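Reading through the structure tokens given below for one structure.
Number of protein chains: 2
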Amino acid sequence: MKTDADNRPPDGVGLVETQTVTLFEPPASLALECGHRLGPIQVAYETYGVLNAARDNAVLICHALSGDAHVAGYHDEHDRKPGWWDIMVGPGKGIDTNKYFVICSNILGGCRGTTGPSSLNPETGKPWGLDFPVITIEDMVKVQKRLIEHLGIDRLLAVIGGSMGGMQVLEWIVRYPEAVAAAIPIATTARLNAQSIAFDAVGRNAILADPRFEHGQYHAGPGPDRGLAIARMVGHITYLSEQGMHEKFGRELRRADKYSYDFGSEFSVETYLDHQGRAFVERFDANSYLYITKAMDYYDLAARHGSLEKAFQHVQARVFAMSFSSDWLFTPQQSRQIVDALLANGKHVTYSEVNSRYGHDAFLLEPEVLGRLIGSFLASTSGRPVIEDNGNVQPYSEAPAIQTAWTRQRVDYDRIEQLIEPGSRVLDLGCGRGVLLSRLIRNRRAQGLGVEVFQDAICECVERGLPVLDLDLENELSSLPSRSYDYVVLSQTLQTLRRPDVVIREMLRIGRFGIVSFPNFVHWKSIVQMIVTGRTPVTEALPFRWYNTPNVRCLTIRDFDRFCRENHIRVHRRIPLIVGRRAPIRILPGLRAEEAIFVISRQA
Amino acid sequence: MKTDADNRPPDGVGLVETQTVTLFEPPASLALECGHRLGPIQVAYETYGVLNAARDNAVLICHALSGDAHVAGYHDEHDRKPGWWDIMVGPGKGIDTNKYFVICSNILGGCRGTTGPSSLNPETGKPWGLDFPVITIEDMVKVQKRLIEHLGIDRLLAVIGGSMGGMQVLEWIVRYPEAVAAAIPIATTARLNAQSIAFDAVGRNAILADPRFEHGQYHAGPGPDRGLAIARMVGHITYLSEQGMHEKFGRELRRADKYSYDFGSEFSVETYLDHQGRAFVERFDANSYLYITKAMDYYDLAARHGSLEKAFQHVQARVFAMSFSSDWLFTPQQSRQIVDALLANGKHVTYSEVNSRYGHDAFLLEPEVLGRLIGSFLASTSGRPVIEDNGNVQPYSEAPAIQTAWTRQRVDYDRIEQLIEPGSRVLDLGCGRGVLLSRLIRNRRAQGLGVEVFQDAICECVERGLPVLDLDLENELSSLPSRSYDYVVLSQTLQTLRRPDVVIREMLRIGRFGIVSFPNFVHWKSIVQMIVTGRTPVTEALPFRWYNTPNVRCLTIRDFDRFCRENHIRVHRRIPLIVGRRAPIRILPGLRAEEAIFVISRQA
């Protein structure tokens, strides 16, 4: 006889059980942010994998609004649905239970085993309802911290969470800086924007307006199912992107091919929302929905600490912030605010805006890229990066604009390496897959950070254990604080920029020195070719054609000299080079050099 | 004593009155789309301005979901709020009541004077409630048509409407092609997407779930105010952009500077939504909300006619479609689908994606640019464009990328004009403010269309009465059907493109001939300058510097020859030119020409 278990992928964590522990027994109750005390607090949690002897392989996962402690595996043999992040947690998966001890607990205020408004109020013996004190993200994290201590763990290898789970991640690194080695806040924010608060308010209004809500004391009756369902429907719309919804439903009708001319649900998207609403009220408590959305609305790291910069002052964790391109609920811009504030404090931060069509829900729907990014970030945090760099530059064939630099022999890398003082802080703009940065870290003990936009290149940087920022050079360098680096490198990228003057101004704001390498476009061979053929030159150093070259700026060594002079930029070194020859050119460099490296700084 | 009237701007239409007419008296009742018949139908409407003797100056405005017949002016002296589009309708305004006879009627199914579900059912003597037949956009427009006939008007100068009003505009030009000279659908769509249907469904659910809804027979009781308010709240969120909401409210608290730790509305955005909800239930009927949103959901021009292209087959109106950059409810992409389908039918169409931070609400909040665009489109429809072109090219100083072409003497214009056969269809890519196109229309009787992205340039084209499309040359030319033009002109723009090869392929798909002009980058003066100075040349023809030139492609006459050869492009004419000299260069053109014009086509 076949059971449901036979249809399951063989690679999961298998059967798991939710465990329960009681913490904060009075008089050691928890002092909540709102001023009340709460205790005892029951906490439901699950764990996967094995805590190692050093107790340094624990990964805490923080769940979102409607999640629970059940992250992976199945509760019994007839269970059809695995835990909510089963795609990410298991043997060999992104969060590899062969390596890590994974923990997830239901949040304070929840309704899935942890104390919340549907728990019994010990004073009355009835469910708390609206008498439950208002809880905050801070309170939730304090409870998690106590749970971790209870499990005998002083320091987490990582805290990971998406959406509201990401808010908890931020609270962890701020509140317990010494207790977290790495943090991965995904598709989250340090404070909701007005639009998100508005959506939450609509959901709460729908619950509060339901006459069956009975001021929160609905436990004897049927409960405010219609109100809660409406709240969930609103939520679901915000979790999907418009494009994702269009691809999934379009204007398809559920049953007929003609309109029914009444007010029943007839479009597929309507019946989908109905179903989501109905399914949700089966498993979720309306009071918890009120409390948890309120906790999200209230969370504001910036207001609490004066500013987001100040909030992150004492962070010790390596942070990897992720956002999704089509997420309009927790936008990439909101993740970038987190990144900017961490950078302002000189913290170790990596950022990737993952390309996805799935909107906010992408954190549940993009296992491949998330698994690759999270897995390699955890690996390098544990001191075993996926790519142990040996310095060999492999040709790289994906993104065309990267090719420019990479398919060619990089004569400038050796020279740039020599120009960098050992132990310096180095920012590499357009770092590609991180080859130069790896060399500088290995050979010059540099503290390095890369900036890149191509997703695959970013993934490879993360696999190398390099911090990297998914930022657009021409528009987003304002993320980086002034005077935060010794050297800012722009290697063979200047000529591809729309606004090279702006980028150079930015690099000299960020770094003490700028190191710029670019092709010299008025090489003597080029001139001869132009006169003879009447065409724009195509050379070994500049192998592209006029219509497809990524090099949209033609400049020469003397052009750059003049630019520096006119813009109050000091030129410290000027190194004309020929491909395949290490020594700089001394005679007629303007005509003979194929490329050049400049070391520059702002004039005092 | 001062009255409210003293505070009003002096420029409005003043005191106005809503009028009422009864149409479709049985047995001549209206056959609705749903299969039922309805009649008599009472219609509430207002008019402003005077119908001229020729009866050809009537402009019909179609209102959106929550609008009514009261577009402009005040109903009495104590009236504090003018009509809903007072900023646009009045003497000297965008829709100038000194010139036009403006009409607006409350839609069928509404609750502001026109027959709808809150009207009395003649059979029962009670309000219709849910017994009212389901109505559609088509039904609404049929009623408007009858009203127009009643007013003695055969043909409207224009039909204008935003949002759901825009749907009515589309229905007008499809259903009554001979009755509309010009149509301005603003921020609208020919069919709602899944996300919009989902939001509508949530709103309806909130009303239907309100126990006071009483199956629509709530007129004796208090009515489903909470449900209707929630529906309105959801709507309001979708009308604003996230950025607009952030700027308006941020995370500001309404009264206190500390959280109240309860479930009252405390963020300003919450109290704003509360207010919007409360104000709405004062003036709107819940049943109407159900019927009107359902009419929007049902509207699908494409499904009804087989495709949007087929729907627009018989359109005669000049169409001006507008969208707003930050509108995520009725997106620019949806407007472009309308534009594409009109173009596929060779219709006269202008499109502008107006830059605005206000989201969907922008159509009520951008009086200046809308007034300019609508006003000049109406003027040219009446045969009196705002700019009567005399052919003088004035220097133009705003958008830098446009400057390239325009601040220079345009030697190529005269030549291009000579190359165009009289009476041809001409598409001008990067048409700027329409100078060349105007000349071609005036001097060569061309049928012209421009493509441009700079808003101010687009406005000026509309002022010249030119059709123009707000499209990105490099990514959006797919809007234009194959073989739809005799000539496609790309004048002094090729060298500014990131993907010139793609654009050339597109132009030869769209037109029989392509006319391309570009600077010849290997001019002898340039070569001498390069050798002598070692710098990228700066000449009279190419006055920019390497870092700020919009010319990101360097090509020569021979480069372009080779490109054509390799890409199976036939070169019909090759005209090397020197600035300030009309005759083409015959000796050493490759080195002596400053620019060149090519006439090309796809090889058969």
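Order-wise, the sequence lines are chains A and B.
Just remember that this note's numbering sits 4 ahead of the position in the first sequence, which is counted from 1.
Just remember that this note's numbering sits 4 ahead of the position in the second sequence, which is counted from 1.
Where a beta carbon is used, it is the ideal one built from N, C-alpha and C, also for glycine.
Source: prediction; values computed, not measured.
Asked, Found
"Under the DSSP definition of a beta bridge, which residues are partnered with B:C108?", "B:E50 and B:I65"
"For the candidate residues B:G98, B:M92, B:P121 and B:I157, whose alpha-carbon lies nearest to that of B:I57?", "Note on residue identity: the sequence assigns Ala, not Ile, to residue 57 of chain B. Comparing Cα-Cα distances from B:A57 to each of B:G98, B:M92, B:P121 and B:I157, the minimum goes to B:I157."
"Suppose the cutoff is 6 Å on Cβ atoms and the five residues either side in sequence are ignored; what does the same chain contact list for A:R376 look like?", "C463"
"Going by beta-carbon coordinates alone, are B:A202 and A:L277 separated by less than 7 Å?", "yes"
"Is the CB of B:H74 under 7 Å away from at least one CB in chain A?", "no"
"Would DSSP call B:L134 helix, strand or coil?", "helix"
"Residues in the same chain with beta-carbon distance under 6 Å from B:G281, minus the five sequence neighbours each way, listed in chain order, please.", "A233, R236 and M237"
"For A:T7, name the three-state secondary structure that DSSP assigns.", "For A:T7, the pLDDT reaches just 48, beneath the cut-off of 50, and the residue's location in the model is therefore unreliable, leaving the point undetermined."
"Over the uninterrupted beta strand (DSSP E) stretch that includes A:T26, give me the two end residues.", "Q23 to L27"
"Considering Cα atoms alone, identify which of A:T540, A:A185, A:G363 and A:F567 is closest to B:F548.", "A:F567"
"Do the CB positions of A:S109 and A:V47 come within less than 7 Å of each other?", "yes"
"Would you please verify whether the beta carbon of B:H79 is less than 7 Å from any beta carbon of chain A?", "no"
"Contact between the segment 454-474 of chain B and the segment 380-388 of chain B: three or more CB pairs below 8 Å?", "yes"
"Rank B:S482, B:V430 and B:Q459 by C-alpha distance to the C-alpha of B:I445 and give the top, closest one.", "B:V430"
"Give the C-beta separation of B:A76 and B:V93 to the nearest angstrom, bearing in mind that I take them to be a contact with Cβ-Cβ under 8 Å.", "4 Å"
"Does A:L161 get closer than 7 Å to chain B when you measure Cβ to Cβ?", "no"
"Around the C-beta of B:D100, are 16 or more other C-beta atoms found within 10 angstroms, so that it is buried, or is it exposed?", "buried"
"In chain order, what residues of the same chain have a beta carbon less than 6 Å from the beta carbon of B:P30, not counting five sequence neighbours either side?", "G43"
"Three or more C-beta pairs closer than 8 Å, one from the segment 72-87 of chain B and one from the segment 170-181 of chain B: is that the case here?", "no"
"Determine the direct distance from the alpha carbon of B:T128 to that of B:L134, and round the result to whole angstroms.", "13 Å"
"Sort B:E81, B:I378 and B:R259 by Cα distance to B:V163 and report the nearest one.", "B:I378"
"Does B:D416 come out as helix, strand or coil in the three-state DSSP assignment?", "helix"
"Indicate the three-state DSSP secondary structure (helix, strand or coil) for B:R282 in the structure shown.", "helix"
"What number of angstroms, rounded off, separates the C-alpha of A:H82 from the C-alpha of A:G16?", "15 Å"
"By the 10 Å Cβ neighbour count, where 16 or more other Cβ atoms means buried, how is B:A608 classified, buried or exposed?", "exposed"
"Short of 8 Å Cβ to Cβ, which residues in the segment 513-542 of chain B face chain A?", "F525, V526, I531, M534, I535, T537, G538, R539 and T540"
"I want to verify the contact list: residues of chain A whose CB lies under 9 Å from the CB of B:H250, in sequence order.", "N197, A198 and Q199"
"Name the two residues that bound the continuous alpha helix (DSSP H) containing A:T297.", "A290 to Y302"
"Give me the DSSP bridge partner(s) of A:R585.", "A:I582"
"Have a look at A:F525, A:G518 and A:T354 and flag the residue whose alpha-carbon is nearest the alpha-carbon of A:G454.", "A:T354"
"Alpha carbon to alpha carbon, how far is B:R443 from B:L333?", "39 Å"
"Judging by CA-CA distance, which residue of B:V472, B:T560, B:N291 and B:R585 is the nearest neighbour of B:H527?", "B:T560"
"For A:L453, report the span of its beta strand (DSSP E) as first-last.", "Q451 to E456"
"Can you look up A:F316 in the DSSP assignment and give me helix, strand or coil?", "coil"
"Within 7 Å (strictly less), CB to CB, does A:I296 reach chain B?", "no"
"Sort out for me which residues DSSP pairs A:S596 with in a bridge.", "Before going further, note that residue 596 of chain A is Arg rather than Ser in the sequence given. Answer is none; A:R596 lacks a bridge partner."
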